Structure formats: structure tokens, C-alpha cells
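Numbering (the numbering used here), first residue to last: 95 to 441. In this text, a Cβ means the ideal position worked out from N, Cα and C, and glycines have one as well. All of these numbers come straight from a predicted model, not from anything done at the bench. Please read the structure below before turning to the comments.
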């Protein structure tokens, strides 16, 4: 009558032995389950890290290439105003890291600052006060000095950065969900059933008796009932990840936005250069003729006109992550797709 789980007939187990065997059976099951689930957790942790490293390297390389190209092209003029461009990249990095940046507002602010600075450089013989600069800012949307580049770039950056950040965050969420489930131990009912199936025969003097497969499957289904309940939601999550990954390979491809961003902003600058005189005259009409300033050789710099060739035949660079986004996303899709139906198969 002293046993709590096993049959209370003839037995070779004490209460203490039964308790130790029950603890052992629970620990065995817990270890095997954690190891099995841990393989899925490792998949998501590794893919999240790969994608994160890839994107950070892509942005770092783009920032470096941008700086080198503009320094080579515009020299001192760019170097003196490089903070405008640097802060744009800082906003992009901050959005990716925290999500705490309004991308539309950040890009509008960048082009507004660039517009104001270019207007001053193109009209360096004049002096402008804050009121005048506010006036010209108010005319930017109507005059469109950069052509349609700001509008197009805003759309491209926003959709690709949002999709990219969503994708890497979703990989992290997948990792964390699996980690949480991995740490959920067996229920008391499961522990009792495991003991009865695995070690109670020992207490009856039958250590070599193995449970039949039907009995074993029933116990496993009972122990993994909660895991099976998340099967459908997990599959919905995997399907959503597949759809998002496909977008990253096509219309939301972050590489096609970040890699040539220097060319796109150069195009915007050239648009302003080509129409600089007409834009300035329109602004003089709206905001008044500014007063001439003192001649200063330091300010008599101008943007050199240079037609940039588009890198149509260039090979997309590989990064520290060792791949391009197409190959990387395809690899991630292949790995996480294998986890579909995982929780159902587990039980």
C-alpha cells in the first residue's frame, strides 16, 4: 500500500525508490524532448543571426561605398556636408535596430536638408536667413527640384526596410516561441504515465519488459497534447514566412534598394543641377530676391556635373554573411520549411 504510482501488489520497490525512478523517467523524457525541440530552435536562431549579419554588412558596405563615391565626385563640398548623408544612414540603421524611426519623415527630412544645402551652394553669392530658408522649404513639394527620385526612393526604402525588419524579427519570434515551449516540463499526469510505462515493470520484477507500441504512442500523445495544439498556428506562421521571403526575393528586395542608393541620390542631385537656375528663379519669385553677400572664395564651390553610369552589368556583392540576398533567402526558406508540421510529427 506504500506505492503511489505503480501497482500496490507484490513489489520490490520502496516509496523512495519509486520516487527516484519517477524523477528519472521524467528527466529522461524531458531531456529527449528538449533535444528534439532544440534542433528546431537552433534552425531559427542560426537563420536569424545569418540574416541579421547579412543586412548589417550590406548597410555598412553601402554606407562606405556611398562615402567613397561622393568624396571622389564632389570632394571638399561633400566632405563639408557629409553629416547630412551620414545621418540618413544612421536613421536607416536605427529603424532596423529598433523600429523607432518614421522612414517617410526621415527621408523627407534628408531631401529637405539636401535641397536647402544645394540651393545655398548654387546661389553662394547670396546670403539667406532662417525665414528665407523656411520659405524655400515650403516650395519644395511644388517645384520638385530632385524630380521623382525622392518619391520613388521613399516608396522603395519603406517597403523593403519594413519587410526586411519584419522578416528578421519574425525569425527571432520563431526562435523564442520554440525556446519557450522547450522549457515547458511534463505535466504531473504525463510524469505519472511515463513512470507507469517505463519503470513500474522494474518494481514488479520485470525489468526487460518493454511497452507495446500502441501503449507507448498513447502515452506520448498524452504528454505532447499541448504541443500538438499549436500545430495549426505554427503552420500558419511558416506559410506567412514563406510569403514574406518570396517578397524579399522580388519586389521588396532590400539589396536592390540599398546597394545602388548612391546612384539614386546622385540622380536626384543631377536633376537639381540641370534645373538649378530655373528652380532658383522660381524661388526668388516666391520668397523675394535675396541680398548679395560678401565674396568668399571658400563658398565659391559648385557641384561638378558628372553623369554616373548605372552598374547594369555589375555583379552583386557578397558580404560578410557570404552570400547575396537571393541565395540567403532561398537557403532560409528551405530550412524553415522543414519545420512545417513539426509539432504534429512530434506528437
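How many Å lie between residue 290 and residue 284 at the Cα? Here residue 290 refers to the residue found at position 196 when the chain shown is read from its first residue. Here residue 284 refers to the residue found at position 190 when the chain shown is read from its first residue. Going by the C-alpha atoms only, they are around 10 Å apart.
Does the segment 204 to 212 come into contact with the segment 231 to 251, if we say contact requires no fewer than three beta-carbon pairs (one atom in each stretch) closer than 8 Å? By the Cβ rule, the segment 204 to 212 counts as touching the segment 231 to 251, because three or more pairs are nearer than 8 Å.
May I have the straight-line CA-CA distance separating residue 331 from residue 372, to the nearest angstrom? For this step, residue 331 is matched to residue 237 along the chain shown. For this step, residue 372 is matched to residue 278 along the chain shown. Rounded to whole angstroms, residue 331 to residue 372 spans 54 Å at the Cα level.
Report the three-state DSSP secondary structure of residue 385 (helix, strand or coil). By one-based count along the chain shown, residue 385 stands at place 291. Looking at residue 385 - three-state DSSP - the assignment turns out to be strand.
For residue 109, which of helix, strand or coil comes out of DSSP? Numbered from 1 along the chain shown, position 15 holds the residue referred to as residue 109. Helix, per DSSP.
Nearest-angstrom Cα separation, counted from residue 167 out to residue 219: As a first step, residue 219 must be located in the chain shown, where it is residue number 125. As a first step, residue 167 must be located in the chain shown, where it is residue number 73. For the pair residue 219 and residue 167, the Cα-to-Cα distance works out to about 23 Å.
Counting C-beta neighbours from all protein chains within 10 Å, is the total for residue 274 16 or more, i.e. buried, or is it exposed? Stepping through the chain shown from its first residue, residue 274 is reached at position 180. So residue 274 ends up on the exposed side.
Would residue 153 and residue 186 be called neighbours here (beta carbons separated by less than 8 Å)? Here residue 153 refers to the residue found at position 59 of the chain shown. Here residue 186 refers to the residue found at position 92 of the chain shown. Taking C-beta atoms as the reference points, residue 153 and residue 186 count as a pair closer than 8 Å.
Could you name the residues that DSSP lists as bridge partners for residue 443? Nothing about residue 443 can be read from this structure; the chain reaches only from 95 to 441.
Enumerate in chain order the residues of its own chain whose CB-to-CB distance from residue 253 is below 7 Å, with the five nearest sequence positions on each side excluded. Residue 253 sits at position 159 when you count from the first residue of the chain shown. In its chain, beyond the 5 residues on either side, 346 have a beta carbon closer than 7 Å to the beta carbon of residue 253.
May I ask which residues mark the beginning and end of the alpha helix (DSSP H) holding residue 353? Walking along the chain shown from the start, residue 353 turns up at place 259. Run containing residue 353: none; DSSP gives neither H nor E here.
Enumerate in chain order the residues of its own chain whose CB-to-CB distance from residue 109 is below 6 Å, with the five nearest sequence positions on each side excluded. Stepping through the chain shown from its first residue, residue 109 is reached at position 15. Cβ within range, chain order: 96.
Would residue 418 pass as a contact of residue 349 if the rule is Cβ separation under 8 Å? Counting from 1 along the chain shown, the entry for residue 418 is found at position 324. Counting from 1 along the chain shown, the entry for residue 349 is found at position 255. A contact, by the Cβ cut-off of 8 Å.
Cα-Cα separation, residue 407 to residue 160: Position 313 of the chain shown holds residue 407. Position 66 of the chain shown holds residue 160. The predicted model places residue 407 with a pLDDT of 39, which falls under 50 and marks its position as unreliable, so this point remains unresolved.
Residue ranges of each beta strand (DSSP E) run of no fewer than 3 residues wholly in the segment 281 to 339, ordered along the chain? Runs found: none.
Give the range of the alpha helix (DSSP H) segment to which residue 270 is assigned. The residue labelled residue 270 in the question sits at position 176 within the chain shown. For residue 270, the uninterrupted alpha helix (DSSP H) run begins and ends at 243 to 276, by DSSP.
Inter-residue spacing [alpha-carbon to alpha-carbon] between residue 430 and residue 148: Within the chain shown, residue 430 is the residue found at index 336, counting from 1. Within the chain shown, residue 148 is the residue found at index 54, counting from 1. Using only the alpha carbons, I get a separation of about 18 Å.
With a cut-off of 8 Å on the beta carbons, I'd call residue 427 and residue 336 a contact; round off their distance for me. Here residue 427 corresponds to residue number 333 of the chain shown, with the count starting at 1. Here residue 336 corresponds to residue number 242 of the chain shown, with the count starting at 1. Confirmed, Cβ separation roughly 6 Å.
I want to know whether the segment 252 to 272 touches the segment 189 to 203 - three or more CB-CB distances under 8 Å. Yes: the two stretches touch, three or more of their Cβ pairs being nearer than 8 Å.
Which whole-angstrom value is the C-beta distance of residue 338 and residue 145, which I expect to be below 8 Å? Locating residue 338 in the chain shown gives position 244, where the first residue counts as 1. Locating residue 145 in the chain shown gives position 51, where the first residue counts as 1. Residue 338 to residue 145, Cβ: 12 Å. No contact.
Identify, in the order they occur along the chain, each residue of the same chain with its Cβ nearer than 6 Å to the Cβ of residue 396, setting aside the five sequence neighbours on each side. Position 302 of the chain shown, counted from the first residue, corresponds to residue 396. Summary for residue 396: the model assigns pLDDT 48, below 50, so the residue's position carries little reliability; its value from the coordinates is reported in the next sentence. Answer for residue 396: no residue qualifies.
Buried or exposed: residue 377, going by 16 or more other Cβ atoms within 10 Å of its Cβ? Here residue 377 corresponds to residue number 283 of the chain shown, with the count starting at 1. Per the 10 Å Cβ criterion, buried.
Could you name the residues of the same chain whose beta carbon sits closer than 8 Å to that of residue 315, not counting the 5 residues immediately before and after it, in chain order? Numbered from its first residue, the chain shown carries residue 315 at position 221. Closer than 8 Å at the Cβ level, and outside the excluded window around residue 315, lie 322, 441.
Is it buried or exposed, residue 103, if we count other Cβ atoms within 10 angstroms and call 16 or more buried? As a working note, residue 103 is residue 9 in the chain shown. Exposed: under 16 other Cβ atoms inside 10 Å.
Cβ-Cβ separation, residue 106 to residue 100 (assumed contact under 8 Å), whole Å: Taking the first residue of the chain shown as 1, we reach residue 100 at position 6. Taking the first residue of the chain shown as 1, we reach residue 106 at position 12. About 10 Å separates the two Cβ atoms, so there is no contact after all.
Counting C-beta neighbours from all protein chains within 10 Å, is the total for residue 116 16 or more, i.e. buried, or is it exposed? Numbered from its first residue, the chain shown carries residue 116 at position 22. Residue 116 should be labelled buried.
Here's the rule: buried if 16 or more other CB atoms are within 10 angstroms of the residue's CB, otherwise exposed. What is residue 268? The count along the chain shown starts at 1 and reaches residue 268 at position 174. Counting the other Cβ atoms within 10 Å of the Cβ of residue 268 gives 16 or more, which makes it buried.
For the alpha helix (DSSP H) containing residue 430, name the first residue and the last one. In the chain shown, the residue the question calls residue 430 occupies position 336. Here the alpha helix (DSSP H) through residue 430 covers 419 to 431.
Over the uninterrupted alpha helix (DSSP H) stretch that includes residue 203, give me the two end residues. Indexing the chain shown from 1 puts residue 203 at position 109. 197 to 216 is the extent of the alpha helix (DSSP H) around residue 203.
Is the separation between the beta-carbon of residue 383 and that of residue 243 shorter than 8 Å? Reading the chain shown from its first residue, position 289 is the one you call residue 383. Reading the chain shown from its first residue, position 149 is the one you call residue 243. No, the Cβ-Cβ distance between residue 383 and residue 243 is not below 8 Å.
Is it the case that the Cβ atoms of residue 69 and residue 292 are separated by a distance below 8 Å? Since the first and last residues shown for the chain are 95 and 441, residue 69 lies out of range.
What separation, rounded to the nearest whole angstrom, lies between the Cα atoms of residue 241 and residue 251? As a first step, residue 241 is located in the chain shown; it is residue number 147 there, counting from the start. As a first step, residue 251 is located in the chain shown; it is residue number 157 there, counting from the start. If you take the alpha carbons of residue 241 and residue 251, they lie about 17 Å apart.
If you check the beta carbons only, do residue 123 and residue 288 fall under 8 Å apart? As a position in the chain shown, residue 123 is number 29, starting the count at 1. As a position in the chain shown, residue 288 is number 194, starting the count at 1. A contact, by the Cβ cut-off of 8 Å.
Reference residue 381, options 228, 178, 151, 204, closest by Cα: In the chain shown, the residue the question calls residue 381 occupies position 287. When C-alpha distances from residue 381 are compared across 228, 178, 151, 204, the shortest belongs to 228.
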